[in-house]
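1080 is the number of the first residue of the sequence shown in our numbering; add one for each residue after it.
Cβ atoms here follow ideal geometry from the backbone N, Cα and C, with glycine treated the same way.
All remarks here apply to the structure that follows.
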Amino acid sequence: IIEYSEVFCELSAKKLWGVTGKWIIIVCIQVFKCVTRLMLIYRYKETVIQHPPIPVLDRKNIKSATNLSTIGEMAQNQFDTSSFILKSSGRVVRKIEASPPLALRTWKPVPKSQNISCENKELIEEVLSGRKLIAETIYVTKPMIHLASQACFGTKTWKPWLIALTMDLASLHLYRSCRAIPLNSLTPQQRLQLSKRQLLLVLYIIRSPFYEKQSRDKINALLE
């Protein structure tokens, strides 16, 4: 609700209480959003905050996702009924009742299920989760730091613009370091969100003061 009514609240506050009231409402909204997003990250382990918060319903993918989950459950059930895993060594052993006839046996070891993770993978995933936590914390706290830099240096200087851009680039760089490791550390939905954040970097050319000093004349000339 806050995400979709934010602009309306700012315009209403400016009309009722002037510029000072508008900035007070902006700070209150950003503090509330920052605190709730940090709660999602640290308490509910939400790695990449989704934007928009309520995604558009894709009916085509719902059916395919349901079919994939059903196939995965069937494969896991088949694995559980035909074999078991030794606790000490982690070796997969085929059950006697699930063994094929002697003439059809290949004598090859039973392949491990894809849902089983080794200790090295768990350690790497732990390191990656720490990086993702730092990256998302940087992204979530960026609006508050941007407002603080505007209060310290003013709205017409380059420092707030550079600080916000640096934080966005640092967050994306940490996520890229996670993607460079050959593990499924990011889901397709999370990668889509990161792609959207990369595209949003283009909006920095129409943000003050870059727009007034660099891109405004070029954009107007291009439109004419």
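In the structure shown, what three-state DSSP assignment does residue i receive?
i	result
Lys-1124	coil
Gly-1233	coil
Leu-1117	helix
Arg-1210	helix
Asn-1266	Correcting the residue type first, residue 1266 is Thr in the shown sequence and not Asn. In the structure shown, Thr-1266 sits in coil (DSSP, three-state: anything other than H, G, I, E or B).
Ala-1092	helix
Ile-1284	helix
Ile-1103	helix
Gln-1129	coil
Ile-1080	coil
Glu-1303	coil
Lys-1292	helix
Using a threshold of 7 Å, state whether the C-beta atoms of residue i and residue j are closer than that.
i	j	result
Gln-1109	Pro-1222	yes
Glu-1089	Lys-1101	yes
Leu-1244	Tyr-1283	yes
Val-1219	Arg-1116	yes
Lys-1238	Thr-1126	no
Smallest Cα separation from residue i: which of the options?
i	options	result
Leu-1273	Trp-1240, Ile-1285, Ala-1227 and Ala-1214	Ala-1214
Leu-1241	Tyr-1254, Arg-1255, Leu-1253 and Leu-1226	Leu-1226
Arg-1270	Leu-1282, Tyr-1283, Arg-1255 and Ile-1284	Arg-1255
Leu-1265	Ser-1208, Arg-1295, Cys-1107 and Asn-1299	Ser-1208
Ile-1217	Leu-1282, Asp-1247 and Gln-1229	Asp-1247
Tyr-1083	Leu-1251, Val-1106, Lys-1112 and Met-1118	Lys-1112
Ile-1081	Ile-1105, Arg-1286 and Asp-1296	Ile-1105
Leu-1279	Val-1114, Leu-1251 and Cys-1107	Leu-1251
Ser-1287	Cys-1257, Ala-1300 and Gln-1229	Gln-1229
Arg-1276	Gly-1097, Tyr-1290, Gln-1129 and Ala-1300	Gln-1129
Does any C-beta atom of chain B lie closer than 7 Å to the C-beta of residue i?
i	result
Ser-1294	No chain B appears in this structure, which consists of one protein chain only.
Contact between the stretch 1221 to 1238 and the stretch 1088 to 1095 (3+ Cβ pairs under 8 Å): no
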